[in-house]
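As structure tokens, the structure follows; a few thoughts come after it.
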Amino acid sequence: MLSTSAKLVNIRRDLATKIGLLKTFGRIVGKVSGRKYKEFVRELCAGELGLEGAVSALLAVRARIEQEIRTLEEPILGFGKHSDPPVDDGARHWRRDGRQLRHGGGSSALCPLIGC
2 MLSTSAKLVN
12 IRRDLATKIG
22 LLKTFGRIVG
32 KVSGRKYKEF
42 VRELCAGELG
52 LEGAVSALLA
62 VRARIEQEIR
72 TLEEPILGFG
82 KHSDPPVDDG
92 ARHWRRDGRQ
102 LRHGGGSSAL
112 CPLIGC
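What follows is the structure, given as structure tokens:
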């Protein structure tokens, strides 16, 4: 599911890039927040019959992809919320050279990974 979700996110980004090519027609999209994006792009294309239809189709595909991303992410996020916390089994972590991996103390982002 993760790889499928990642592919859909990449497709959504590619569609945004294609829609961003409106500057070829003298229209610049720029940075627009998620909720206002669709309305802003539609306003840019208003009155241009061929352009309006093409962009409308791209926006419809983008909306469908966003829906599929949300559908895939719900179970993934739910799995993380309902999974058991890691158990300290007393295992030690070793370096490739055979020496025990030690941590110098203090808090570190690696502590959950190496068992500080």
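In my numbering, the protein residues as written are 2 to 117. All C-beta atoms, glycine included, are put in the ideal place defined by N, C-alpha and C.
Taking its Cβ as the centre, do 16 or more other Cβ atoms sit within 10 Å of residue i, making it buried, or is it exposed?
i, result
"residue 45", "buried"
"residue 63", "buried"
"residue 50", "exposed"
Got a sec? Which residues, its chain only, sit under 6 Å from residue i by beta carbon, not counting five neighbours each side?
i, result
"residue 71", "none"
"residue 53", "46"
Contact defined as beta carbons within less than 8 Å: I believe residue i pairs with residue j. What is the distance between those atoms, to the nearest angstrom?
i, j, result
"residue 78", "residue 5", "Incorrect: roughly 15 Å between the Cβ atoms, too far for contact."
"residue 42", "residue 56", "6 Å"
May I ask which residues mark the beginning and end of the alpha helix (DSSP H) holding residue i?
i, result
"residue 43", "35-46"
Taking 7 Å as the limit between beta carbons, can you name the residues of its chain near residue i, skipping five residues before and five after?
i, result
"residue 67", "13"
"residue 3", "77"
"residue 59", "16, 19, 20"
Please list, in chain order, all residues of the same chain as residue i whose beta carbon is under 8 Å from its beta carbon, the five residues on each side excluded.
i, result
"residue 8", "none"
Meets three-Cβ-pair contact criterion under 8 Å: the stretch 13-30 and the stretch 38-53: Yes, the stretch 13-30 touches the stretch 38-53.
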